[in-house]
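One point on numbering: in the numbering used here, the residue at position 52 of the sequence shown is 53, and numbering is uninterrupted.
All C-beta atoms, glycine included, are put in the ideal place defined by N, C-alpha and C.
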Amino acid sequence: MRFSLITIYRAISVRLSRVIKNRELFYGICVLAVAIISIAITLQGWRSRITAFDLLPYIYGVRHFLETGGLPQFGDIGSYGSYSPPGTAWLILPGAILFKDPRLSEYLGAALLHVLTLSGVYLLARSYFGSRCAILAVLLYGLGESALFYAGSLWPIGRPDFYIWVVYLTSRWVVRRDSRYLATALAVWGFGMYVDMSILPIFFIFPAAWLYYHPPVRLRPLIVSGAIILLVWSPFLRFEVPRGFADLRSQLFLQPIFPNNYRVSWCNPGLVLQKFQDNPGTSQKLASTNSNPGLLATLLNLGRVTVDNALTNFEPDAPIPGASYLLLLLTLTSLLIMSASGFLADSTALGEPPHSWRTWLSRIAIILILLGLTFIGLVFAYLWIFRNGTQPGPKTSFVLKLQVILVGSGIALLVGPWLAARTNDMLIKLRVNIQTAEGVQQIRLLVFSLLIPWSILLLVAEPGKPERFIWLWPMQSIFLAVFFTNVLPRFKLPRVAIRLAMVIVVLIVVVNPFFLTRLDAWHNTGWAGPDANEVKVADYLARQLKEEGKDQAAIGYQIFFYPFMVDYNFFSPVYKVGAEIDLILLYRDGIVNTNQCAEGIAASDEYRIVQATPDPQSDAPRMYFTLPEDGHFHLMYQVGSYQVYRRE
Numbered sequence: 002m003r004f005s006l007i008t009i010y011r012a013i014s015v016r017l018s019r020v021i022k023n024r025e026l027f028y029g030i031c032v033l034a035v036a037i038i039s040i041a042i043t044l045q046g047w048r049s050r051i052t053a054f055d056l057l058p059y060i061y062g063v064r065h066f067l068e069t070g071g072l073p074q075f076g077d078i079g080s081y082g083s084y085s086p087p088g089t090a091w092l093i094l095p096g097a098i099l100f101k102d103p104r105l106s107e108y109l110g111a112a113l114l115h116v117l118t119l120s121g122v123y124l125l126a127r128s129y130f131g132s133r134c135a136i137l138a139v140l141l142y143g144l145g146e147s148a149l150f151y152a153g154s155l156w157p158i159g160r161p162d163f164y165i166w167v168v169y170l171t172s173r174w175v176v177r178r179d180s181r182y183l184a185t186a187l188a189v190w191g192f193g194m195y196v197d198m199s200i201l202p203i204f205f206i207f208p209a210a211w212l213y214y215h216p217p218v219r220l221r222p223l224i225v226s227g228a229i230i231l232l233v234w235s236p237f238l239r240f241e242v243p244r245g246f247a248d249l250r251s252q253l254f255l256q257p258i259f260p261n262n263y264r265v266s267w268c269n270p271g272l273v274l275q276k277f278q279d280n281p282g283t284s285q286k287l288a289s290t291n292s293n294p295g296l297l298a299t300l301l302n303l304g305r306v307t308v309d310n311a312l313t314n315f316e317p318d319a320p321i322p323g324a325s326y327l328l329l330l331l332t333l334t335s336l337l338i339m340s341a342s343g344f345l346a347d348s349t350a351l352g353e354p355p356h357s358w359r360t361w362l363s364r365i366a367i368i369l370i371l372l373g374l375t376f377i378g379l380v381f382a383y384l385w386i387f388r389n390g391t392q393p394g395p396k397t398s399f400v401l402k403l404q405v406i407l408v409g410s411g412i413a414l415l416v417g418p419w420l421a422a423r424t425n426d427m428l429i430k431l432r433v434n435i436q437t438a439e440g441v442q443q444i445r446l447l448v449f450s451l452l453i454p455w456s457i458l459l460l461v462a463e464p465g466k467p468e469r470f471i472w473l474w475p476m477q478s479i480f481l482a483v484f485f486t487n488v489l490p491r492f493k494l495p496r497v498a499i500r501l502a503m504v505i506v507v508l509i510v511v512v513n514p515f516f517l518t519r520l521d522a523w524h525n526t527g528w529a530g531p532d533a534n535e536v537k538v539a540d541y542l543a544r545q546l547k548e549e550g551k552d553q554a555a556i557g558y559q560i561f562f563y564p565f566m567v568d569y570n571f572f573s574p575v576y577k578v579g580a581e582i583d584l585i586l587l588y589r590d591g592i593v594n595t596n597q598c599a600e601g602i603a604a605s606d607e608y609r610i611v612q613a614t615p616d617p618q619s620d621a622p623r624m625y626f627t628l629p630e631d632g633h634f635h636l637m638y639q640v641g642s643y644q645v646y647r648r649e
């Protein structure tokens, strides 16, 4: 026995030593290990969760395609009241084919995209900064809170997978000077836009790369790429033609198209919507708002919103105070330093563009600033003269945001080269050589690829919408890793201190509430977890109906919900109170709910599912409809805060 154990130990040691010597194989195994760990963590407790409401239109579209062959034409309804493209449905398709339970529909597609994203992060970081930086970036991205969320969700709000591969393919276009990479990058961007249009700012990376590097552009690959994108988009475009492309215009120009008469689709428009108060006996004091804040207050509020948005992906809620500010500062420092070299002979070339370029950049910057300021003045004059100083409408707000982009772009073109030059001078004085001139020229593509979409989002994204920035995390994690692997060693710090700093930053990112909560739940309830109360209620009701030989019934819902769940019924019948449980009843239990009222309740209900109190989470829905007492229902079943009633 002892001999056998020693033999096995030696065999494993030999194999491991061979793997470690083959560095590419070893790093590939590390990336795969991060993928497996992150996917296992994010899938923990899948039975305890139900399908996200925003994914219901896509799941119904996929099921319709599998049953009839009809292509999905549209996706969910966005915050502007417009239809999104149906690209997410194709990502759900593999899971819908393999699994009957709708709760599993999104996980296979999400896991595959997560592996692709980790691979893209590794390949891009290794190409520019080396394998050590690539592995650290994979750890920071793959085990961070944002990536853990994406690893188990196809929620259509930006996708980091498309972003990282657009940047990688664009870099290949620049380095190898092959236009086919540009065509492929455009196709990937087009596919990503078909999933969610919030990644539109990625497009501006292409003209920036061409203006700075002048890689070749061939027409034939671009025509093929455009034809493929058009083919992919054709179902949604056919849907948009009779609507006058209202949904596309709404999302491109950030214009709400939500109607005022949305309640006409309700069965009972007179129902009163109320919000559940956890402490009804206490009154909340509402902060007074100033409808016309002063210029200083407006600027301070704008600065606060900008900082909050910039911190979005750096807030792991770690037990270390100020960790998010530190991570943001290190990332910005890395971006700035990697735009310089520290070599004295190259200081002019690296810190500032050549004289001709500097002249043209200055002229373009001044033109952009003057255009933006002129248009801003015209808009304010219009508001003051024709609208008596009232708030701008949707179209005027979009024009204002566009003008802010013009001014911001002009300032960036003026300040960017100057800031890079001053950074280079500082490095020269410190006698710190970061990289060669060729390295700076190549790496600036990655700097553009992060700063351009990040800046655009900071200028146009709405306050209180942190999800708009989540898809930037792959590139942010790469530059955060660069600070520890490519910047700190150049300052001749002790190797032990640098490695300790790497461990600390990994712990700051990894020790987040998402990771810790799932680990704790895994320990207490197992990996799959218990069934959610909504599933238990649906299964119980399905058993009762099947015992009576029924496969359909009028089922009402008196549960807590978000307002959009009932408001968006104006656009699509998929949106209704209790739609998540309807999905479980239909595809898990084979029961059709004949009550399709937006508010989830009808006078003809045979059964009622009632939720006595909302879920304890702070972001759980709190809205409900008040109904008169109905003594014709009696209690049949109760689990948690859910009760099932049947009409006598």
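CB of Val-510 within 8 Å of CB of Leu-231, strictly: By the CB criterion at 8 Å, Val-510 and Leu-231 fall outside the cutoff.
So Pro-243 and Gln-74 are in contact, right, with Cβ under 8 Å, and what is the actual spacing, rounded? Not confirmed; about 11 Å, so no contact.
In three-state DSSP terms, what is Leu-728? With the chain covering only 2 through 649, there is no way to say anything about residue 728.
Within the same chain, show all residues whose beta-carbon is closer than 6 Å to that of Gly-143, passing over the 5 residues directly before and after it, in chain order. Cβ within range, chain order: Val-35, Ser-39, Leu-119.
Can you check which of these residues, Phe-449, Ala-90, Phe-130, is closest to Tyr-214 by C-alpha distance? The shortest Cα separation from Tyr-214 among Phe-449, Ala-90, Phe-130 belongs to Phe-449.
Residues of its chain near Pro-217, where Cβ-Cβ distance is below 6 Å and the 5 sequence neighbours each way are ignored: The answer, listed in chain order, is Arg-178, Ser-180.
Which residue comes first and which comes last in the alpha helix (DSSP H) that contains Arg-609? Run containing Arg-609: none in the alpha helix (DSSP H); it sits in the beta strand (DSSP E), 608-612.
DSSP-derived helix/strand/coil call for Met-637: In this structure, Met-637 counts as strand in the three-state DSSP scheme.
In or out: His-115 buried (at least 16 other Cβ within 10 Å) or exposed? Classified as buried, His-115 has 16 or more neighbouring CB atoms from the shown chains inside 10 Å of its CB.
Endpoints, alpha helix (DSSP H) assigned at Gln-545: For Gln-545, the uninterrupted alpha helix (DSSP H) run begins and ends at 534-548, by DSSP.
Within its chain, find whatever has a CB closer than 6 Å to the CB of Ser-154; leave out the 5 residues flanking it on each side and keep chain order. Close CB contacts of Ser-154 within its chain, under the 6 Å cut and outside five residues either way in sequence, are with Ala-111 (chain order).
Which term fits Gln-275, buried or exposed, when burial requires 16 or more other beta carbons within 10 angstroms of its beta carbon? By the neighbour-count criterion, in which 16 or more other beta carbons inside 10 Å mark a residue as buried, Gln-275 falls on the exposed side.
State whether the stretch 594-605 contacts the stretch 545-557, with contact taken as three or more CB pairs (one from each stretch) at a distance under 8 Å. Short answer: they touch.
Return the chain-ordered list of same chain residues with a C-beta closer than 6 Å to the C-beta of Thr-290, the five sequence neighbours on each side being excluded. Reliability fails at Thr-290, whose pLDDT of 42 lies under 50, so the model's placement of it is uncertain and no value is given.
Is it true that the CB of Gln-252 sits closer than 8 Å to the CB of Gly-79? Yes.
With distances taken Cα to Cα, identify the nearest neighbour of Ala-613 among Phe-626, Pro-208, Val-196, Ala-604. Of the listed residues, the one whose Cα sits closest to Ala-613 is Phe-626.
Which whole-angstrom value is the C-beta distance of Ser-478 and Ala-228, which I expect to be below 8 Å? Their Cβ separation, rounded to whole angstroms, is 35 Å, which puts Ser-478 and Ala-228 out of contact at 8 Å.
How big is the Cα-Cα spacing for Thr-313 and Trp-472? Distance from the CA of Thr-313 to the CA of Trp-472, rounded to the nearest whole angstrom, comes to 11 Å.
What residue range is occupied by the uninterrupted alpha helix (DSSP H) comprising Arg-239? Counting along the chain, the unbroken alpha helix (DSSP H) around Arg-239 starts and ends at 220-241.
Taking only the alpha-carbon atoms, compute the straight-line gap between Pro-95 and Gln-45 and give it to the nearest angstrom. Straight through space, the alpha carbons of Gln-45 and Pro-95 are spaced by roughly 20 Å.
Report, in whole angstroms, the separation of the C-beta atoms of Ala-533 and Arg-50, which I expect to be a contact under 8 Å. 6 Å between Cβ atoms; contact.
Within-8 Å CB hit, His-215 to chain B: Chain labels in this structure do not include chain B; a single protein chain is all it has.
Pair every Cβ in the stretch 52-71 with every Cβ in the stretch 532-552, then say whether three or more of these pairs are closer than 8 Å. As far as the Cβ criterion goes, the stretch 52-71 does not touch the stretch 532-552, which means the pair count is below three.
Exposed or buried, Phe-492, counting other C-beta atoms within 10 Å across all chains shown (16 or more means buried)? The residue is exposed, with fewer than 16 neighbouring Cβ atoms inside 10 Å.
For Tyr-563 and Tyr-588, what's the separation of their Cα atoms in angstroms? The alpha-carbon atoms of Tyr-563 and Tyr-588 are separated by roughly 23 Å.
Within 10 angstroms of its Cβ, does Ala-621 collect 16 or more other Cβ (buried), or is it exposed? Classification of Ala-621: exposed, given that the 10 Å Cβ count is below 16.
Which of helix, strand or coil DSSP assigns to Tyr-81: When secondary structure is reduced to three states using DSSP, Tyr-81 falls in the coil class, being assigned neither helix nor strand.
Closest by CA to Arg-205, which one among Tyr-576, Tyr-123, Leu-67, Tyr-164? It should be pointed out that residue 205 corresponds to Phe in this sequence rather than to Arg. Comparing alpha carbon positions, the residue from Tyr-576, Tyr-123, Leu-67, Tyr-164 closest to Phe-205 is Tyr-164.
What are the residues that DSSP puts in a beta bridge with Tyr-643? Answer by DSSP bridge pairing, in chain order: Gln-612, Val-640.
For Leu-274, which residues does DSSP report across the bridge? Paired residues: Phe-626.
Residues in its own chain within less than 8 Å of Asn-434 by CB, not counting five upstream and five downstream? Excluding five sequence positions before and after Asn-434, the CB atoms of its chain that fall closer than 8 Å to its own CB belong to Ser-342, Gly-343, Phe-344, Leu-428, Arg-491, given in chain order.
Alpha carbon to alpha carbon, how far is Arg-173 from Tyr-28? Give it in angstroms, no decimals. Put simply, the backbone Cα of Tyr-28 is about 21 Å away from that of Arg-173.
Which residues share a DSSP beta bridge with Arg-648? Answer is Phe-634, bridged to Arg-648.
Using the rule of at least 16 other Cβ atoms within 10 Å of the residue's Cβ for burial, across every protein chain shown, is Leu-99 buried or exposed? Residue burial is scored here from C-beta neighbours: Leu-99 has fewer than 16 other C-beta atoms within 10 angstroms and is therefore classed as exposed.
Give me, in chain order, the residues of the same chain whose beta-carbon lies closer than 8 Å to that of Val-507; leave out the 5 immediate sequence neighbours on both sides. In the same chain as Val-507, and ignoring 5 residues on each side of it, the C-beta atoms closer than 8 Å to its own belong to Leu-137, Leu-140, Leu-141, Leu-144, in chain order.
If we call anything under 8 Å between Cβ atoms a contact, is Pro-464 one with Val-306? Yes, these two residues count as a Cβ contact at 8 Å.
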